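J.: My structure is below; once you've seen it, I'll send some questions.
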Amino acid sequence: MLLIKHPTKNQEIRSSIEEFTIGEFEYLSSVINDSSRNHIDKWTEIFKFCGMDEEILDDMDSFDFIKLIGEFNVFEVKRTEIEKSIVLDDIFYFSYDEEFKISVKEMKIIEGFIKDSQDKYIGDIMAVLYKRPDVDKNITFDSSHIKYKAKLIRSQVNASVCVPIINYISKKLIKEVNILDESN
Amino acid sequence: MNQINIPSGWNEVLVDQFLYFMKTRETSDSFLVFEDYVQLLAALTDTLPTDDIWEDMDIDELLVEIKKISWAKLSPSDKFLIQFGEFSIKPIETISLGEFIDLDHLFTDGYFENFTKIAGIFLRRTKENEWGSIIYEPHGTYNYEERGELILESPITNFYGLIKYFLDFKTLINSNYEPLFEPVIVDGDDEDEQDAYDPDEQEEIKREETFKKWAWESVLHKLSDGDITKYDRITELPVIFIFNQLGFRKEMDL
Chain Z
1 MLLIKHPTKN
11 QEIRSSIEEF
21 TIGEFEYLSS
31 VINDSSRNHI
41 DKWTEIFKFC
51 GMDEEILDDM
61 DSFDFIKLIG
71 EFNVFEVKRT
81 EIEKSIVLDD
91 IFYFSYDEEF
101 KISVKEMKII
111 EGFIKDSQDK
121 YIGDIMAVLY
131 KRPDVDKNIT
141 FDSSHIKYKA
151 KLIRSQVNAS
161 VCVPIINYIS
171 KKLIKEVNIL
181 DESN
Chain B
1001 MNQINIPSGW
1011 NEVLVDQFLY
1021 FMKTRETSDS
1031 FLVFEDYVQL
1041 LAALTDTLPT
1051 DDIWEDMDID
1061 ELLVEIKKIS
1071 WAKLSPSDKF
1081 LIQFGEFSIK
1091 PIETISLGEF
1101 IDLDHLFTDG
1111 YFENFTKIAG
1121 IFLRRTKENE
1131 WGSIIYEPHG
1141 TYNYEERGEL
1151 ILESPITNFY
1161 GLIKYFLDFK
1171 TLINSNYEPL
1181 FEPVIVDGDD
1191 EDEQDAYDPD
1201 EQEEIKREET
1211 FKKWAWESVL
1221 HKLSDGDITK
1231 YDRITELPVI
1241 FIFNQLGFRK
1251 EMDL
């Protein structure tokens, strides 16, 4: 939480990744990545979303506003370990058994989500990777099933869980494939 | 998991695999990296991208397989077989006008799409005449599309060089007989616009327009003096001879 001081009242707003769900984190990312909006506009929207009173926002001077942006640390990530399981509606879903791996089939679906949606794909990616072991493979990869899971993930899973996975995928997609392309 | 036999070079890739590989590469989506690589690997191994052997593989294993086809970034060698079973490749300097026209059309439409047809035009049965000279099976006396399909199960390295073989010849024709080709001003271009073109670009535009102007129909019409019953006879004549005749006529203003 971040403490905002105001002459008439102080207020705390959410500011670190652990305080948001994946759906909320996707929204914050989409605002930050929106190239059609200016910097002030984006961060005003973000602070309002995080709970800041409009009165406090209107009274804030520009230096304090910039300082607040610097202190806002939702994109700072400490977690590196990939979470083995998540719980959705009291049911466990697992991303791996012994060692985290992504299959080619899963990666193809993930690539499709990243391509189709500029900024709201994290929930979909998590839905591909977290599976119920008692569910048939065909259902696991069924698009409706993934879509339904993604919706639950967006509302029930903490955003900090997704970061190590996104880093892993980014590394595979960008770094390792690029190394292949360059070395060849 | 079943072992996948990834070819170690183009000499292990058959013509039909190569053509499917090139088609896959042309239609690939540069954004879908892993999906594209799986399609390329599948093309080279006679498998489907949706086979379990690929879909169940983890991406680290796939990266290892991708490295194995790094040689595919380069084209196959420009060599080709002179003899393929009972068939021989007809030397390009002996091709007739009709053969040149057909090859030109096939190359223009896409030499990978028409690769087997192109090979089919080159592949001929031969015999010796009474004086011991080699005679090539005449064009038009056999179905070159069917003939070309005989190479599908052969390594691509046996025939890939036919592409350069023809293109080099066409370039030679263009440069040796350049005076025959009138430069064409593209409609709508004024001098200022032309001057704005890069010299290489101007050269390319000129080359494209000259080839457009060289509609083969007008060549045949000219040579036959408008008598279409002579077309068949003219198309059987060697293409070098035809161009020499055209050059002679132009110079003599005939």
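Chain order of the listed sequences is Z and B. Residue numbering for the first sequence follows this note's numbering, starting at 1 and increasing by one per position. Residue numbering for the second sequence follows this note's numbering, starting at 1001 and increasing by one per position. Where is the CB? At the ideal position from N, CA and C, for every residue including glycine. Just so we're clear, the structure is a prediction, and the values are computed from it rather than from any experiment.
Going along the chain, which residues of the stretch 96–108 of chain Z sit with their C-beta nearer than 7 Å to a C-beta in chain B?
T.: So the list reads K101, I102, S103, V104, K105, M107, K108, given in the order they occur along the chain.
J.: Any chance you could list the beta strand (DSSP E) runs of at least 3 consecutive residues sitting entirely within the stretch 1078–1124 of chain B, in chain order?
T.: As far as the stretch 1078–1124 of chain B is concerned, its whole beta strand (DSSP E) runs of at least 3 residues are 1087–1089.
J.: Per DSSP, which residues does D1058 (chain B) bridge with? Please list them.
T.: Residue numbering aside, residue 1058 (chain B) sits at position 58 when the second sequence is read from its first letter. According to DSSP, D1058 (chain B) bridges with Z:S103.
J.: Tell me whether K1117 (chain B) is buried or exposed, calling it buried when 16 or more other Cβ atoms sit within 10 Å of its Cβ.
T.: Looking up residue 1117 (chain B) in the second sequence gives position 117. Under this definition K1117 (chain B) is a buried residue.
J.: The alpha helix (DSSP H) that contains T1171 (chain B), what's its start and end?
T.: Indexing the second sequence from 1 puts residue 1171 (chain B) at position 171. Run containing T1171 (chain B): 1161–1176, per the alpha helix (DSSP H) assignment.
J.: So which residues on chain Z does F1034 (chain B) lean against when the C-beta distance must stay under 7 Å?
T.: In the second sequence, counting from the first residue as 1, residue 1034 (chain B) sits at position 34. In chain order: V104, M107, K108, E111.
J.: What's the C-alpha gap between F1080 (chain B) and G1161 (chain B)?
T.: Position 80 of the second sequence, counted from the start, is the residue given in the question as residue 1080 (chain B). Position 161 of the second sequence, counted from the start, is the residue given in the question as residue 1161 (chain B). Each residue's Cα considered, the two are about 5 Å apart.
J.: Less than 7 Å between C-beta atoms, sequence neighbours within five positions excluded: which residues of the same chain meet that for Y96 (chain Z)?
T.: By one-based count along the first sequence, residue 96 (chain Z) stands at place 96. K84.
J.: Could you tell me whether the Cβ atoms of W1010 (chain B) and I1163 (chain B) are closer together than 8 Å?
T.: Here the question's residue 1010 (chain B) lines up with position 10 in the second sequence. Here the question's residue 1163 (chain B) lines up with position 163 in the second sequence. Not closer than 8 Å, so no.
J.: Let me see if you follow: with CB-CB separation under 8 Å, is I1059 (chain B) close to chain C or not?
T.: Among the protein chains in the structure shown, which are Z and B, there is no chain C.
J.: State yes or no: is the C-beta of L1223 (chain B) within less than 8 Å of the C-beta of I1234 (chain B)?
T.: Here residue 1223 (chain B) is taken as the residue at index 223 of the second sequence, counted from 1. Here residue 1234 (chain B) is taken as the residue at index 234 of the second sequence, counted from 1. It is a contact, given that the beta carbons lie within the stated cut-off.
J.: The alpha helix (DSSP H) that contains S144 (chain Z), what's its start and end?
T.: Working through the first sequence from its first residue, we reach residue 144 (chain Z) at position 144. 143–156 is the span of the alpha helix (DSSP H), which, as asked, contains S144 (chain Z).
J.: Quick one: give me the first and last residue of the alpha helix (DSSP H) that Y1292 (chain B) is part of.
T.: As shown, chain B starts at 1001 and ends at 1254. That puts residue 1292 (chain B) outside it, with no answer to give.
J.: Excluding sequence positions up to five away, which residues of its chain have a Cβ less than 7 Å from the Cβ of G123 (chain Z)?
T.: Counting from 1 along the first sequence, the entry for residue 123 (chain Z) is found at position 123. For G123 (chain Z), where only same-chain residues beyond five positions count, the Cβ hits under 7 Å are I22, G23, E26, A150, I153, R154.
J.: Would F1169 (chain B) and I1092 (chain B) be called neighbours here (beta carbons separated by less than 8 Å)?
T.: Numbered from its first residue, the second sequence carries residue 1169 (chain B) at position 169. Numbered from its first residue, the second sequence carries residue 1092 (chain B) at position 92. In contact: F1169 (chain B) and I1092 (chain B) (Cβ atoms closer than 8 Å).
J.: If we call anything under 8 Å between Cβ atoms a contact, is L1097 (chain B) one with I1242 (chain B)?
T.: The residue you call residue 1097 (chain B) lines up with position 97 of the second sequence. The residue you call residue 1242 (chain B) lines up with position 242 of the second sequence. Closer than 8 Å, so yes.
J.: Since I believe W1216 (chain B) is in contact with I1101 (chain B) (beta carbons under 8 Å), could you give me their beta-carbon distance rounded to a whole number of angstroms?
T.: Here residue 1101 (chain B) refers to the residue found at position 101 of the second sequence. Here residue 1216 (chain B) refers to the residue found at position 216 of the second sequence. With a Cβ gap of about 5 Å, I1101 (chain B) and W1216 (chain B) count as contacting.
J.: Leaving out five residues before and five after T1126 (chain B) in sequence, what residues of the same chain have Cβ atoms less than 6 Å from its Cβ?
T.: In the second sequence, the residue the question calls residue 1126 (chain B) occupies position 126. Same-chain partners within the cutoff: S1088, I1134, Y1136.
J.: Shorter than 8 Å from the beta carbon of W1054 (chain B) to some beta carbon of chain Z?
T.: By 1-based counting over the second sequence, the position of residue 1054 (chain B) is 54. Yes - at least one Cβ of chain Z is within 8 Å of the one on W1054 (chain B).
J.: In chain order, what residues of the same chain lie with their CB nearer than 6 Å to the CB of N1114 (chain B), ignoring the 5 residues before and after it?
T.: Counting from one through the second sequence, the residue named residue 1114 (chain B) turns up at place 114. Answer for N1114 (chain B): L1106, listed in chain order.
J.: Give me the Cα-Cα distance between V31 (chain Z) and K48 (chain Z), rounded to the nearest whole angstrom.
T.: Reading the first sequence from its first residue, position 31 is the one you call residue 31 (chain Z). Reading the first sequence from its first residue, position 48 is the one you call residue 48 (chain Z). Distance between the alpha carbons of V31 (chain Z) and K48 (chain Z) is about 12 Å.
J.: What number of angstroms, rounded off, separates the C-alpha of K238 (chain Z) from the C-alpha of L28 (chain Z)?
T.: One cannot answer for residue 238 (chain Z) here, as it falls past the ends of chain Z, which runs 1 to 184.
J.: Quick one: give me the first and last residue of the beta strand (DSSP E) that T1126 (chain B) is part of.
T.: Position 126 of the second sequence holds residue 1126 (chain B). That run of the beta strand (DSSP E) goes 1126–1128.
J.: Can you tell me where the beta strand (DSSP E) holding L129 (chain Z) begins and where it ends?
T.: Working through the first sequence from its first residue, we reach residue 129 (chain Z) at position 129. First-last for L129 (chain Z): 122–129, but that is the alpha helix (DSSP H), not the beta strand (DSSP E).
J.: Our contact map puts A1043 (chain B) next to T1027 (chain B) with C-beta atoms below 8 Å; I'd like the distance itself, whole angstroms only.
T.: As a position in the second sequence, residue 1043 (chain B) is number 43, starting the count at 1. As a position in the second sequence, residue 1027 (chain B) is number 27, starting the count at 1. Not really, about 11 Å apart at Cβ, beyond 8 Å.
J.: At least one CB of chain Z closer than 8 Å to the CB of V1015 (chain B): is that the case?
T.: Locating residue 1015 (chain B) in the second sequence gives position 15, where the first residue counts as 1. False, the Cβ-Cβ gap to chain Z never drops below 8 Å.
J.: Under 7 Å Cβ to Cβ from L1237 (chain B), same chain only, skipping five residues before and after it: list those, please.
T.: Here residue 1237 (chain B) corresponds to residue number 237 of the second sequence, with the count starting at 1. If we look at L1237 (chain B) and ignore the five residues flanking it on each side, its Cβ neighbours are S1096, L1097.
J.: Tell me whether the stretch 129–140 of chain Z and the stretch 60–78 of chain Z touch, counting them as touching only if at least three CB pairs, one residue from each stretch, are closer than 8 Å.
T.: Touching, no, given that fewer than three Cβ pairs across the two stretches are closer than 8 Å.
J.: Could you work out which residues of chain Z lie near L1062 (chain B), taking near to mean beta carbons separated by less than 7 Å?
T.: Here residue 1062 (chain B) is taken as the residue at index 62 of the second sequence, counted from 1. Result: V104.
J.: Leaving aside the five residues before and after P1049 (chain B) along the sequence, list all residues of the same chain whose C-beta is less than 7 Å from its C-beta, in chain order.
T.: In the second sequence, the residue the question calls residue 1049 (chain B) occupies position 49. Only V1038, Q1039, A1042 meet the Cβ criterion.
J.: Going along the chain, which residues of its own chain have a beta-carbon closer than 6 Å to the beta-carbon of I17 (chain Z), five neighbours each way excluded?
T.: The sequence position of residue 17 (chain Z) within the first sequence is 17, counting from 1. Closer than 6 Å at the Cβ level, and outside the excluded window around I17 (chain Z), lie V74, A159, S160.
J.: Going by other Cβ atoms of all chains shown within 10 Å of its Cβ, with 16 needed for buried, is L1172 (chain B) buried or exposed?
T.: One-based indexing of the second sequence puts residue 1172 (chain B) at position 172. Answer is exposed; the Cβ neighbour count stays below 16.
J.: Taking the alpha carbon of Q1003 (chain B) as the reference point, which residue from B:E1065, B:S1154, B:L1032 has its own alpha carbon closest?
T.: Numbered from its first residue, the second sequence carries residue 1003 (chain B) at position 3. Considering only alpha carbons, the answer is B:E1065.
J.: Residues of chain Z with CB under 8 Å from V1038 (chain B), in chain order?
T.: Position 38 of the second sequence holds residue 1038 (chain B). Correct list: V104, K108.
J.: In chain order, what residues of the same chain lie with their CB nearer than 6 Å to the CB of T1108 (chain B), ignoring the 5 residues before and after it?
T.: Mapped onto the second sequence, residue 1108 (chain B) falls at position 108. Cβ within range, chain order: n/a, list empty.
J.: Using the Cβ count rule (16 or more neighbours within 10 Å means buried), how would you classify V1013 (chain B)?
T.: As a working note, residue 1013 (chain B) is residue 13 in the second sequence. Classification for V1013 (chain B): buried.
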